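Trainee:
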Amino acid sequence: MKKYKQAVILISLVALTSACSSLGVQPWERDLLAKDEMALNSSPIDASLDDHIYFSKESSSGGRGFAGGGCGCN
Amino acid sequence: MQLIDNKKANKNKVNVAQLLTVATCTLLGTTAQAEEQKPWEFDTALMYYGETDRVTASEFILAATKEFEDEHILNLKVTVDVLTGASANGAVPQTEVQTFTRPSGNGSFQTPAKETPLDDTFHDTRVQLNAQWTQPIAKDYRVSGGVHLSKEYDYLSLGLNGNIAHDFNLKNTTLSAGFAYTNDTISPEGGIPIAFEQMLPPVDEIGGGLNRDGSDEDKTTIDLLFGLTQVISRQTIMQFNYSYSQVDGYQTDPFKVVSVVDDNGIAQQQLYENRPDTREKNSIYWQTKYHFLSDSIIDFSYRYFWDDWDITSHTVDARYRLPLGNHYIEPHIRFYTQEAANFYQPFQKGGSALPEYMSADYRVGKMDGITVGVKYGIPMKDNTELSFRLEFFQQSSKSNGDELPGVLNELDLYPSVDAIIAQVNYSF
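Residue numbers (our numbering), protein chains in the order written: chain A, 1 to 74; chain B, 1001 to 1428.
Right under this line is the structure:
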């Protein structure tokens, strides 16, 4: 099952990467994407506070960034 | 002499560059500041997290970012949090008052009848320091490296990380790979409990011997993170991540016990829990941001997580940023659902063989979570911003299908936890 999942992820990534060459915009079409609020991690402080809360209260971590260790939070 | 000449030459160059910058900016009607060295930027936040009858935490963050020439960026961050209150110790509720020894072994506390046993001895202050350096190393290649230190009374975490990113396809596609190493040491007051041994009455009552062995334990974590960021259109950007984490070492919670109950559901004794000392975690993460032409932005993400403890989880997170004049409002909703670890059990039946591992910690049990909140932002002049965030978080523990003996049927073994999150941010 684990091997199967890893294979699916790998194939998806390769497929996505090869499809990427036809996606995207020209440099002069980046007006909206260039906004601070369009950055993928536009509120890093909120994100780190949230990660700390959910890391302490749930069994999952990481995804957006490193899962890490970091605290003995209860 | 050569050195001085070079310095002079450089100085002249800078002056010319400055003059050109000023001239260009004057022509364009912008200020010269932008092209010169950028000032430090600061982000601060104060957060309050409060659970009904349980833990409350206050956390303060000060982050400073400085962009030097050629996109060389230094980020420094200090986090301080203070934690107080009570946390479920894993024991089952009972129809009678229960007495538990404090984790330190000094003294005891009582849990009223029909209530979830909560250990109220938590009081900790944590200080965390992070430093991260990011810079280009070649055309379309960017590297980043960082360190972190987190210290609380009974816990120390030290870590380092590295990341490389490559842009291509007119910078519409970015591939990245990261590595992190973390070493954590836990030194609980009273020592490390011996797994499966009984929680004994306090030292002052029996004169020592608490079934403890050693004063500290540690664990190491290795994280790998592979990411693909793709601009889809003028309004859409997406990110796909795969992360793998390998944890080796002590992952048992030294403050948690499992109740041994008889056929009537009456607790006979409390045994210290035991978790495997290896864990492999995986997750896939997909995030999309879409900019509507009406200027509102939707930020949607989904994460699937699985590990070799048989924990799996789904997390869906959505934020919708709506401009309100110069201000903005951002509603947020998050759903979380988790399947239990294979060693999770809410209690142990007396007389049956002990498993290799066991934990009654609800956090490794089956659960759902929901967060609903809103952020209100007030952007101000000179790139400063004040914002407020208020969220409600509810965690609902679920039965894993365990059959309950006797009195446990009358008691709430799967309580929910309600929390409020209030936060103020100021960036300048």
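All C-beta atoms in this analysis are idealised placements derived from N, C-alpha and C, irrespective of residue type, glycine included.
Values in this document were obtained by computation on a predicted structure and should not be read as measured data.
Could you check how far apart the C-beta atoms of T1185(B) and L1156(B) are, in whole angstroms? I think they sit under 8 angstroms.
Mentor: 5 angstroms
Trainee: What does D51(A) reach in chain B if we use C-beta pairs closer than 9 angstroms?
Mentor: Per Cβ cutoff of 9 angstroms: no residues; D51(A) is ~11 angstroms from chain B at best.
Trainee: May I ask you to report which of helix, strand or coil DSSP gives L1027(B)?
Mentor: Per-residue confidence for L1027(B) stands at a pLDDT of 45, beneath the threshold of 50, marking its modelled position as unreliable; the derived number appears in the next sentence. Looking at L1027(B) - three-state DSSP - the assignment turns out to be helix.
Trainee: Please decide whether A1009(B) counts as near chain A, where near means a Cβ-Cβ distance under 7 angstroms.
Mentor: Here the model assigns A1009(B) a pLDDT of 42, short of 50, so the residue's position is not dependable, and the following value carries that caveat. Not a single C-beta of chain A is nearer than 7 angstroms to the C-beta of A1009(B).
Trainee: In the segment 55–66 of chain A, which residues sit with their C-beta less than 8 angstroms from some C-beta in chain B, listed in chain order?
Mentor: Legend: CB atoms of the segment 55–66 of chain A lying less than 8 angstroms from CB atoms of chain B belong to residues K57, E58, S59, S60, S61, G62, G63, R64, G65 and F66.
Trainee: Of the choices A1138(B), S1296(B) and Q1132(B), whose alpha-carbon is the least far from that of S1144(B)?
Mentor: Ranking the options by Cα distance to S1144(B), first place goes to Q1132(B).
Trainee: Give the secondary structure of Q1033(B) by DSSP, where H, G and I count as helix, E and B as strand, and everything else as coil.
Mentor: In this prediction, Q1033(B) has a pLDDT of 48, which is less than 50 and means its spatial position is unreliable; nothing more can be read from the coordinates.
Trainee: Under 7 angstroms, Cβ to Cβ, is there at least one residue of chain A near H1291(B)?
Mentor: yes
Trainee: What residues match up with S1245(B) in a beta bridge as DSSP calls it?
Mentor: D1223(B) and K1281(B)
Trainee: What do you reckon, are the CB atoms on P1193(B) and G1107(B) nearer than 7 angstroms?
Mentor: It is not a contact, given that the beta carbons lie outside the stated cut-off.
Trainee: From the DSSP secondary-structure annotation, give me the bridge partner or partners of S1237(B).
Mentor: Note that residue 1237(B) corresponds to Ile in the displayed sequence, not to Ser. Note: I1237(B) sits in a beta bridge opposite V1231(B) and K1289(B).
Trainee: Thinking S1245(B) and T1221(B) are a contact (beta carbons under 8 angstroms), I'd like their distance in whole angstroms, please.
Mentor: 6 angstroms
Trainee: Taking a cut of 7 angstroms between CB atoms, which residues from the segment 1044–1059 of chain B lie near chain A?
Mentor: A1045, M1047, Y1049, V1055 and E1059
Trainee: Whose C-beta lies closer than 6 angstroms to the C-beta of Y1302(B) among residues of the same chain, with five residues either side of it excluded?
Mentor: The beta carbon of Y1302(B) is closer than 6 angstroms to those of W1286 and V1316 in its chain, skipping five residues each way along the sequence.
Trainee: For the beta strand (DSSP E) containing Y1048(B), name the first residue and the last one.
Mentor: E1041 to E1051 is the span of the beta strand (DSSP E), which, as asked, contains Y1048(B).
Trainee: Considering only residues of the same chain and omitting the five flanking positions on each side of Y1336(B), which have a CB-CB separation below 6 angstroms?
Mentor: T1315 and G1369
Trainee: With DSSP collapsed to three states, give me the class of I1137(B).
Mentor: It is a strand residue.
Trainee: Can you pull the chain A neighbours of Y1357(B), defined as C-beta to C-beta under 9 angstroms?
Mentor: Result: empty, since nearest Cβ-Cβ is about 14 angstroms, beyond 9 angstroms.
Trainee: What number of angstroms, rounded off, separates the C-alpha of Y1049(B) from the C-alpha of G24(A)?
Mentor: 41 angstroms
Trainee: Can you tell me the Cα-Cα spacing of P1415(B) and P1331(B), whole angstroms?
Mentor: 27 angstroms
Trainee: Could you give the C-beta distance for Q1423(B) and L49(A), rounded to a whole number, given that I count them as a contact under 8 angstroms?
Mentor: 7 angstroms
Trainee: Can you tell me which of E1067(B), T1044(B) and T1084(B) puts its alpha carbon nearest to the alpha carbon of A1057(B)?
Mentor: T1084(B)
Trainee: Check the Cβ-Cβ distances between R1234(B) and every residue of chain A, and say whether any is below 7 angstroms.
Mentor: yes
Trainee: So for H1072(B), helix, strand or coil by DSSP?
Mentor: coil
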